[in-house]
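Structure first, commentary second.
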Amino acid sequence: MTALGKLFRTTVFKLSIVYLILFAISSGLVMGWMAWSIRRLVDEQTTTAIAAEINGLAEQYAQGGIRRLVNVIDSRTRRPGASLYLLTNFQGLPITGNVAELPAGTLEKEGLIETAYQRPDTQAMDRQSLARVFQLPGGFRLLVGRDLEERETLASIMGRALSISLIWLIAIGTLGGLFVARRVLRRVDAMNASALTIMQGNLNERLPVAGSNDELDRLAENLNKMLERIAELMVGMKHVSDNIAHDLRTPLTRLRGKAEEALRGVKSPDAYRASLEQVIEESDQLIRIFNSLLLIARAEAGATHEGMDDFDISQVARDVGELYEPTADEAGLRLVVDAPVKIIVHGNRELLGQTIANLIDNALKYGVKKDPLLNDPGSVMHAQNKNTRDYDIKVETTLEGATAKIIVSDHGTGVPADDRQRVLERFVRLESSRTQSGSGLGLSLASAVARLHSGELKLEDNNSGLRVVFSVPGKASDPTIPLET
Amino acid sequence: MSSMRILIVEDDTEAAGFLAKALREAGHVADRAPDGLEGYALARDVAYDILIVDRMLPKMDGLTMIGALREQGLQTPVLILSALGQVDDRVKGLRAGGDDYLTKPYAFSELLARVEVLARRNKGAANGESTVLHVGSLELDRLGHKLTRDGKEILLQPREYRLLEYLMQHAGQVVTRTMLLENVWDYHFDPQTNVIDVHISRLRSKIDKDYDVQMLHTVRGAGYMIRDGAR
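If you read the protein sequences in the order shown, they are chains A and B.
Under the working numbering, the first residue of the first sequence carries the number 1, and numbering increases by one thereafter.
Under the working numbering, the first residue of the second sequence carries the number 486, and numbering increases by one thereafter.
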């Protein structure tokens, strides 16, 4: 495609041509109407002039008869002007006047007539006039009229003005269209060029923004934001695959190592059995990581929308809390559930239940403050504080407006403010917790589940300890039941 | 548990082979079908006690096969095996006519426990519907929600009651941790920690602590079982 062809094909250019045509038609209509109005005005004036003239001549005729009329017409025809006179006798022969020739039968017509005529100093019947014929006693006929040259001149001036302005209009319009189209095309071409570079793999490239804040700029800005998100996802993917590599490699290595160790040397059947059991345990751990990853992926893809239902989140919190209570108790931690009010949430009960379980599980693992002085993982500080606190782990549900909040708080080591966003990512485990078992997927699963339910997950400081706030849209229990009065 | 005749419909011959071998070692008779059509024909013509069906099968997929068998009026219990473990997949499987759902990879002990519970349920041999459950000296009155051992009343929390009820309904059978989580708590996720074990040990301390004969047994590598220890 040639550069000019490309220009002609732009939407902007096509639009300007359409506008141009519309504008030309409308200005033609306006000028036509103006010409018509002017012509009417001129005709009206001419008619009035003729009427005045006739009145004057009639007066002369009444005072002095035909002789006086001839004299007056004679003197008037000698004056320059647009007035026309013709007086004929009963034979139709001219007596006096400044009209040499008329089309045959004109003098027999009545009322106002528009007719061609010939001046005495020319040879052709090439002039137009507006006239009126009067019968006078004695077979005399008097024609009084006015030359229409003025009107014709005006019409031709209007016509010329119209055609010249149309030519200018088309010229300026086309050039303007081309100019604007070229400007837009240049910007779109620049955007296309950037898009091409991005598609070739340079994800750091961004679409140019002119700074005029027009629709193209807004489009470019939004596309840039989209690219930002894609780049983030790409980084996330890379991060995830790095982490998958690490976190799956570790148990895989252990698995392989255990199998190899079992094969080395001759052992008792019991030893073989123990090794195989360890191998199964390791593979179970791997399966668990896989399942969590799969679940996160599905939750993030929004693929689990099918299993969504209305249910009471407080009931789920109480059930899961009850499920974990004995375990917490055994670890010497007081698990308290404060979820007395029915809160209806639309979602996947299974996923939300698992999320609460994960959050409690995390609180059990990390919610215990290790004694920094003894540096002994077995020794926990809660023993000293047990009487001063009314809980070690608390699960609450509240309804704030249209948001159901599930809050799991603990008095453990907490998460430093700088790390709070990072721990929501997959596989991220803070250095301080590297020694603990777990897939490192609990919080990222919770975060993905929150997103799936159009909610969010926030980590807050619990004044020593962590407070995880999981919020999803919710409402008070069935609003169709009328309130008791 | 008496011997059962089991049909395995699974296209992976190695996996089917392992499964059949393990089931035979557990004392059952196991047949194999490599695809949905053959599975359908066998299940229709032979009186099996239970069908183990993979979801993704050549020629006719597992769910279609189960649907077709159910349309024929076949009531044989079906355990669905699937690599798709999500909640909605499970619901789809059960809606198609499956009786239980197990995600691959699974522990054989888990599968065996589920197969035996399913088969027994179908034979109506379980005392699941009676109002009073007896296991040895334990008596659970399901109308009065009352538990006695040797006539002495033992007080239970609501959840402990339901846990014991489920175990007693399947007395003499192995019940796995996931089965307990599914049936007593109605959750299908993997709790990662030993939450169920702690509940069991609490229950055990209530029903077995003061007695010489233990009723609630741990089956190593599989789960739990309640049975009359005197026998």
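All C-beta atoms in this analysis are idealised placements derived from N, C-alpha and C, irrespective of residue type, glycine included.
Pairing A/VAL345 with A/VAL472 gives a Cβ-Cβ distance under 9 Å. Within the region 657-681 of chain B, those residues whose Cβ lies closer than 9 Å to any Cβ of chain A are, in chain order, LEU666, TRP670, ASP671, TYR672, HIS673, PHE674, ASP675, PRO676, GLN677, THR678, ASN679, VAL680 and ILE681. Put simply, the backbone Cα of B/ARG712 is about 10 Å away from that of B/LEU623. Judged by DSSP secondary structure, A/ARG146 falls within the beta strand (DSSP E) whose first and last residues are 140-147.
For B/GLY706, a Cβ of chain A is located within less than 9 Å of the residue's own Cβ.
Per the C-alpha coordinates, the member of A/LEU216, A/LEU227 and A/ARG218 positioned closest to A/MET199 is A/LEU227. In the DSSP secondary-structure assignment, A/ARG467 is bridged to A/SER409 and A/GLU460. Within 10 angstroms of the beta-carbon of A/GLY145 lie 16 or more other beta-carbons, which makes it buried. When Cβ-Cβ separations below 9 Å define contact, A/GLN354 makes contact with chain B. The continuous alpha helix (DSSP H) containing B/GLU556 extends over residues 547-556.
As summarised for the region 315-339 of chain A, the continuous beta strand (DSSP E) elements at least 3 residues long and confined to that stretch are 335-338, given in chain order. Under the Cβ criterion of 9 Å, B/ALA500 is not counted among the residues facing chain A. Here A/PHE90 carries a coil assignment [DSSP, helix/strand/coil].
Per the C-alpha coordinates, the member of A/GLY173, A/GLU150, A/GLU322 and A/THR253 positioned closest to A/LEU15 is A/GLY173. For B/ALA518, the enclosing beta strand (DSSP E) covers residues 514-518.
For A/LEU323, at least one C-beta of chain B is nearer than 9 Å to its own C-beta. Counting along the chain, B/LYS544 sits inside no beta strand (DSSP E), nor does DSSP assign it H or E at all. The beta carbons of A/ILE343 and A/LEU399 sit closer together than 9 Å.
Taking the CA atoms as reference points, A/SER444 sits about 43 Å from B/LEU522.
By the Cβ rule, the region 597-604 of chain B does not count as touching the region 635-645 of chain B, because fewer than three pairs are nearer than 8 Å.
Using a Cβ distance threshold of 9 Å, A/MET191 and A/LEU203 do not count as a contacting pair. Scanning its chain for C-beta atoms nearer than 7 Å, with the 5 sequence neighbours on each side dropped, one finds around A/ASN89 the residues ILE95, GLY139 and PHE140, in chain order. Taken through DSSP and simplified to helix, strand or coil, A/GLU152 comes out as helix. Sixteen is the threshold: since fewer than 16 other Cβ atoms of the shown chains lie within 10 Å of the Cβ of A/TRP168, the residue is exposed. In terms of beta-carbon proximity, B/SER567 stays away from the interface with chain A, with every pair separated by 9 Å or more. In this structure the region 486-499 of chain B lies against the region 527-544 of chain B, because at least three pairs of beta carbons, one per stretch, are closer than 8 Å.
Remark: three or more beta-carbon pairs, one from each stretch, lie closer than 8 Å, so the region 665-678 of chain B and the region 647-657 of chain B are flagged as touching. Identification of chain A residues near B/HIS630 by a Cβ-Cβ cut-off of 9 Å yields none; the smallest Cβ-Cβ distance measures about 18 Å. Any Cβ of chain A closer than 9 Å to the Cβ of B/ARG529 would place that residue at the interface, and such an atom is absent. Below 8 Å, enough C-beta pairs join the region 122-141 of chain A and the region 102-110 of chain A to call them touching: three or more. Using a Cβ-Cβ cut-off of 9 Å, A/ASP310 does not count as an interface residue toward chain B, since no Cβ of chain B sits closer than that to its own. In the DSSP assignment, B/ASP530 falls within the alpha helix (DSSP H) that extends over 521-530. In the structure shown, A/VAL266 falls within a coil segment according to DSSP collapsed to helix, strand and coil.
By the rule that beta-carbons nearer than 9 Å mark a contact, A/ARG264 does not touch chain B. When C-beta atoms of the region 315-324 of chain A are compared with those of the region 349-359 of chain A, three or more pairs fall below 8 Å, so the two segments count as touching. Across the region 684-705 of chain B, CB contacts with chain A closer than 9 Å involve HIS684, SER686 and ARG687, in sequence order along the chain.
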